[in-house]
Amino acid sequence: DGIIDEETFSQIREMDDPDDPELFSAGIVFGFFDQAEQTFGEMRRAISEKNLEQLSSLGHFLKGSSAALGVFKVQAICETIQNNGKMRDEVRDENITSEDALKRIKDLLRNAELEYRIAKAWFLKLYPDGGPEGGDEED
417 DGIIDEETFS
427 QIREMDDPDD
437 PELFSAGIVF
447 GFFDQAEQTF
457 GEMRRAISEK
467 NLEQLSSLGH
477 FLKGSSAALG
487 VFKVQAICET
497 IQNNGKMRDE
507 VRDENITSED
517 ALKRIKDLLR
527 NAELEYRIAK
537 AWFLKLYPDG
547 GPEGGDEED
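All residue numbers for the sequence shown refer to the working numbering, where the first residue is 417 and numbers rise by one.
Structure, rendered in structure tokens:
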């Protein structure tokens, strides 16, 4: 359905023990929720502080977490945030100003959060009972 790279995610689900209600994959998914939401908050702070180096680093971090679960749209946006944080437009292969980088990253962050919410909804349908110990979701 174009939300999650199911081949990547199926590799994580293969590690689940069907006899154990505490699924390994659920722990990974709900851990990603916490990590992503914390990182988005740190990105908003870094934008307000105009800290491009921090934004690049946070983009790199969330790119990796997203890739591990197959959340490919967030992964791609975070890669662009990483590059823009280095004042680079990789598509055009050119340098950009810090002002332009911040403006782009603000828009990219909004898109990343939207794509994250779509992916989270997909995962919550898969794990309606929440994550380990009931997760952090309301029943």
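All C-beta atoms in this analysis are idealised placements derived from N, C-alpha and C, irrespective of residue type, glycine included.
Item                                                                                                                                                        : Value
Going along the chain, which residues of its own chain have a beta-carbon closer than 8 Å to the beta-carbon of Arg-508, five neighbours each way excluded? : none
Taking DSSP's pairing of strands, which residues face Arg-504 in a bridge?                                                                                  : Asn-511
Can you check which of these residues, Gly-447, Phe-539, Cys-494 and Pro-548, is closest to Asn-527 by C-alpha distance?                                    : Cys-494
Please state if the CB of Gln-454 and the CB of Ala-462 are separated by a distance shorter than 8 Å.                                                       : no
Since Ala-483 and Gly-547 should fall inside the 8 Å C-beta cutoff, what is the C-beta to C-beta distance between them, to a whole number of angstroms?     : Contact flag wrong, Cβ pair sits at about 20 Å.
Rounded to the nearest angstrom, what separates Lys-522 and Gly-480 at their Cα positions?                                                                  : 20 Å
To test your reading of the DSSP string, which unbroken alpha helix (DSSP H) runs of 4 or more residues are found completely within the region 448-509?     : 468-485 and 488-501
Going straight from the alpha carbon of Thr-513 to that of Met-503, what length do you get?                                                                 : 6 Å
Please return the same chain residues whose Cβ sits closer than 6 Å to the Cβ of Val-445, not counting the five positions on each side in sequence.         : Phe-539
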